[in-house]
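*Asks:* This structure is in structure tokens; I'll ask about it shortly.
Residue numbers (the numbering used here), protein chains in the order written: chain G, 348 to 1028; chain V, 1190 to 1287.
Written as structure tokens, this is what we have:
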């Protein structure tokens, strides 16, 4: 298998080099029709690259299932008793395998792109060449610097070292593919953008072509980030879901800029504005995705998630520098083709709301970028590493997130070009009153109703932020609901259908807009979940048989401890009975696991989740005195983060659905004689 | 080892055959012209008009705003249509001569 895998990688590299070189020559000699056939061979070579990289990936996975410990990568990341799904996940569990996986996804995206070339052959040819250049980099890296098919030195071992215990969790089988699909996918919009820049592509069709790619990619990255958070919450045992770790930040930065791009691109499509800005946003998203990979692979910045320190950081540094130089070169050369067709006409307009939205996303990105790199920068300047923690990020992230939530409520109700005071009053009066009522209700309801009630913003700044989140979330919810209601009413009046059927038809007629509103609603739910963090409680104590622990309104009683054993792992469980108001509501079993092959220990928290709050128990093992220690957290509203994530995924999926044609048409007066009919409602 | 080498050779041969054997004519697609770009812009302006009409009927846009915005969009569409017509008229005699 190692020979086949190694050969497949070499074939993929050779074909990528050919696809790049032949494609480039064909583009440079576009006037000569004979070169068109060379261009076609380049496209086909790009297609075959996917088959070759897929073969290499299959060879690696098959080696894991065959327990082929002659391959060093398999020896270091698998063992005989590792359950089947985790053997499959071995592909992305280590440095070399995950780079191969990256190359596989990149070639997969390239495969689809090259098959769909008939949409616009010339633009696709440019995008294909740019993609081939990125493929050459990744395949060279995998083949020469991080080859997963390297053989082990010395005698063959009977068993492998095993998979990292933290990765032996079901979500780890889907979290990395989602995240990588997101990271890698941003190469496609970048390839089209750079292609359009190089060829001075007239118009916005390239944006139309890449819109679906961008949304799919954004959806994958969003899924990946939320799955990663859920994994951290369910496995790491510290009671939180986001720790501003450099690796988490690495995934957040391209997501932030990609989200900004998804919004600002609408201004280019609708009004021919912000062409330069969008070009830079696409590039920044791609570049930050690569930078994130550089962060996690080079060991330049310490992280609990990062792969071991290795020499491949230099490769990434060069790639980042070269891609930046290439982009800047073509931008300076061809920026004259990026002139905006319109200017911002009014401060209160849909365009300005998108612009502010973009500035806030960028501000947040810069904050995260600065905080992530600060340890390295401080080391270079002062000689000692200074690491910044959650307070540093939250100081900027929370106010910016609240302002973004405000724009999420306001933006969709503003008209393009300009919005009058009359329009603002008409659209915002009732949603604002509704949101104020919700906020006042939450503020003045007794705290006994639940953790989020009775919040007095003057007691603590975090309470103020929580209350603002609730107010703005209600505002977004009401504005989204009003959009569905008003649109549904128009269709209902026209067709005589019921309101629900009309809303469904409305959504089907403009899936992008109404799918987007559902995404916004998902964001609201997630934000409500995040706002609960201000009210988190935690407690830790030694617990012998029959001992009690009081936290929030829970009474935890230690019933006993028990043990289990299987070929892969040994485990020790605490059995904790949970009482609330004197009534037993369940038994929880936090575990401590010991993985035999890797000789590593890990915790597995037990989480009792309700719509109101999570009771999160961790069995921390025995302390110095030999006493078992239990740590309990009460985390309000966390479930809404995961529900919000599902709603975001649903909205993204909906936005990808092809919209239904508008059935009714009216004539627009005052058009020139040739005016075609315009659909009116 | 011989089996693996045979596999490698067969895979390489199949790949090269697919890449370099090009029977039939190639699809090159239409050339992107100023007129096709203007048609795209026209579609975008029509889309904006559709949205505006719908938002007006939904009660989101007051009368005065609606008429002003609609008028400017119609002017934009008219300018685009006029230029498309000019380009098509200029192209027509060439086609006739050809």
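Where a beta carbon is used, it is the ideal one built from N, C-alpha and C, also for glycine.
Predicted model, so just to flag it, every value in this text is computed and none were measured.
Let me see if you follow: with CB-CB separation under 8 Å, is residue 1201 of chain V close to chain G or not?
*Replies:* By this cut-off, residue 1201 of chain V is an interface position.
*Asks:* Is there a Cβ from chain G that is less than 8 Å from the Cβ of residue 1215 of chain V?
*Replies:* Yes, its Cβ sits closer than 8 Å to a Cβ of chain G.
*Asks:* Would you say the region 578-585 of chain G touches the region 946-963 of chain G, given that touching needs at least three Cβ pairs under 8 Å?
*Replies:* Because the criterion of three Cβ pairs below 8 Å is met, the region 578-585 of chain G and the region 946-963 of chain G touch.
*Asks:* Take residue 821 of chain G and list the residues in its own chain whose beta-carbon comes closer than 6 Å to its own, dropping the five residues that flank it on each side.
*Replies:* These residues qualify, in order along the chain: 782, 785.
*Asks:* Out of curiosity, what's the CA-to-CA distance linking residue 362 of chain G and residue 1192 of chain V?
*Replies:* Their Cα atoms are separated by approximately 23 Å.
*Asks:* Within 10 angstroms of its Cβ, does residue 729 of chain G collect 16 or more other Cβ (buried), or is it exposed?
*Replies:* By the 10 Å Cβ count, residue 729 of chain G comes out exposed.
*Asks:* Excluding the 5 residues preceding and the 5 following residue 530 of chain G in the sequence, name in chain order all residues of the same chain whose CB lies nearer than 6 Å to its CB.
*Replies:* Only 636 meet the Cβ criterion.
*Asks:* Suppose you measure from the CA of residue 379 of chain G to the CA of residue 666 of chain G; what does that come to, to the nearest Å?
*Replies:* Taking the straight line from one Cα to the other gives about 32 Å.
*Asks:* Distance, Cα to Cα, residue 417 of chain G vs residue 505 of chain G?
*Replies:* Approximately 10 Å, taken between the alpha carbons.
*Asks:* Within the 8 Å Cβ cut-off, does residue 1212 of chain V reach chain G?
*Replies:* False, the Cβ-Cβ gap to chain G never drops below 8 Å.
*Asks:* If we define contact as Cβ-Cβ less than 8 Å, is residue 557 of chain G a contact residue for chain V?
*Replies:* No, its Cβ sits nowhere closer than 8 Å to a Cβ of chain V.
*Asks:* What residues in its chain sit with their C-beta under 7 Å from that of residue 1062 of chain G, if we drop five residues either side in the sequence?
*Replies:* The structure shown does not extend to residue 1062 of chain G, since chain G is modelled only from 348 through 1028, so no value can be given for it.
*Asks:* Indicate whether residue 480 of chain G and residue 367 of chain G have their beta-carbon atoms separated by less than 8 Å.
*Replies:* Yes, these two residues count as a Cβ contact at 8 Å.
*Asks:* Within 10 angstroms of the Cβ of residue 846 of chain G, are there 16 or more other Cβ atoms? Answer buried if so, exposed if not.
*Replies:* When all chains shown are included, residue 846 of chain G counts as exposed.
*Asks:* What number of angstroms, rounded off, separates the C-alpha of residue 484 of chain G from the C-alpha of residue 389 of chain G?
*Replies:* Roughly 17 Å between the two C-alpha positions.
*Asks:* Can you give me the C-alpha to C-alpha distance between residue 393 of chain G and residue 751 of chain G, rounded to a whole angstrom?
*Replies:* When rounded, the distance between both Cα atoms is 41 Å.
*Asks:* Measuring alpha carbon to alpha carbon, tell me which of G:496, G:424, G:856 ends up nearest residue 1006 of chain G.
*Replies:* Considering only alpha carbons, the answer is G:856.
*Asks:* Looking at the strands, I want to know which residues DSSP matches up with residue 389 of chain G.
*Replies:* None, per the DSSP bridge assignment.
*Asks:* Should the region 620-627 of chain G be regarded as contacting the region 605-612 of chain G, the criterion being three or more beta carbon pairs within less than 8 Å?
*Replies:* Touching, yes, given that three or more Cβ pairs across the two stretches are closer than 8 Å.
*Asks:* Could you pull out every unbroken beta strand (DSSP E) segment of at least 3 residues lying fully inside the region 807-895 of chain G, listed in chain order?
*Replies:* The qualifying runs are 884-889.
*Asks:* Got a sec: is the Cβ-Cβ distance from residue 468 of chain G to anything in chain V below 8 Å?
*Replies:* Judged by the 8 Å Cβ criterion, residue 468 of chain G is in contact with chain V.
*Asks:* Please classify residue 1275 of chain V as buried or exposed, where buried requires at least 16 neighbouring CB atoms within 10 angstroms.
*Replies:* Label assigned to residue 1275 of chain V: exposed.
*Asks:* Identify the continuous alpha helix (DSSP H) that holds residue 476 of chain G and give its terminal residues.
*Replies:* Segment 468-487, the alpha helix (DSSP H) holding residue 476 of chain G.
*Asks:* For residue 1278 of chain V, collect the residues of the same chain with a Cβ closer than 6 Å to its Cβ; drop the 5 residues on either side in sequence, then sort them by chain order.
*Replies:* Correct list: empty, nothing qualifies.
*Asks:* Does any CB atom of chain V fall closer than 8 Å to the CB of residue 351 of chain G?
*Replies:* By this cut-off, residue 351 of chain G is an interface position.
*Asks:* Check the Cβ of residue 774 of chain G against every Cβ in chain V and list those closer than 7 Å, keeping chain order.
*Replies:* In chain order: 1249.
*Asks:* For residue 506 of chain G, which of helix, strand or coil comes out of DSSP?
*Replies:* DSSP places residue 506 of chain G in coil when its eight states are reduced to three.
*Asks:* For a contact meaning CB atoms closer than 7 Å, what does residue 842 of chain G contact in chain V?
*Replies:* Near residue 842 of chain G there are no residues of chain V at all, since even the closest Cβ is about 13 Å away, more than 7 Å.
*Asks:* Taking just the CA atoms, how far does residue 664 of chain G sit from residue 715 of chain G?
*Replies:* The straight-line gap from Cα to Cα measures roughly 20 Å.
*Asks:* Would you verify that the beta carbon of residue 1286 of chain V is, or is not, closer than 8 Å to some beta carbon of chain G?
*Replies:* Since pLDDT at residue 1286 of chain V reaches only 49, below the 50 mark, its modelled position is unreliable, and the value read off the structure follows with that caveat. Cβ-Cβ to chain G under 8 Å: no for residue 1286 of chain V.
*Asks:* Interface residues of chain V around residue 358 of chain G at Cβ under 9 Å?
*Replies:* Per Cβ cutoff of 9 Å: 1197, 1200, 1201, 1204.
*Asks:* Name the chain V residues whose beta carbon is nearer than 8 Å to that of residue 465 of chain G?
*Replies:* In chain order: 1216, 1218.
*Asks:* Restricting to runs no shorter than 3 residues, where is the beta strand (DSSP E) found entirely within the region 967-1004 of chain G?
*Replies:* Runs found: 975-983.
*Asks:* What residues in its chain sit with their C-beta under 6 Å from that of residue 360 of chain G, if we drop five residues either side in the sequence?
*Replies:* Taken in chain order, the residues that qualify are 486, 490.
*Asks:* In its own chain, which residues sit with a C-beta less than 8 Å from the C-beta of residue 1000 of chain G, not counting the 5 before and 5 after it?
*Replies:* The answer, listed in chain order, is 566, 862.
*Asks:* Can you list the residues of chain V that residue 837 of chain G reaches, using a CB-CB cut of under 8 Å?
*Replies:* What residue 837 of chain G touches in chain V: 1243, 1246, 1247.
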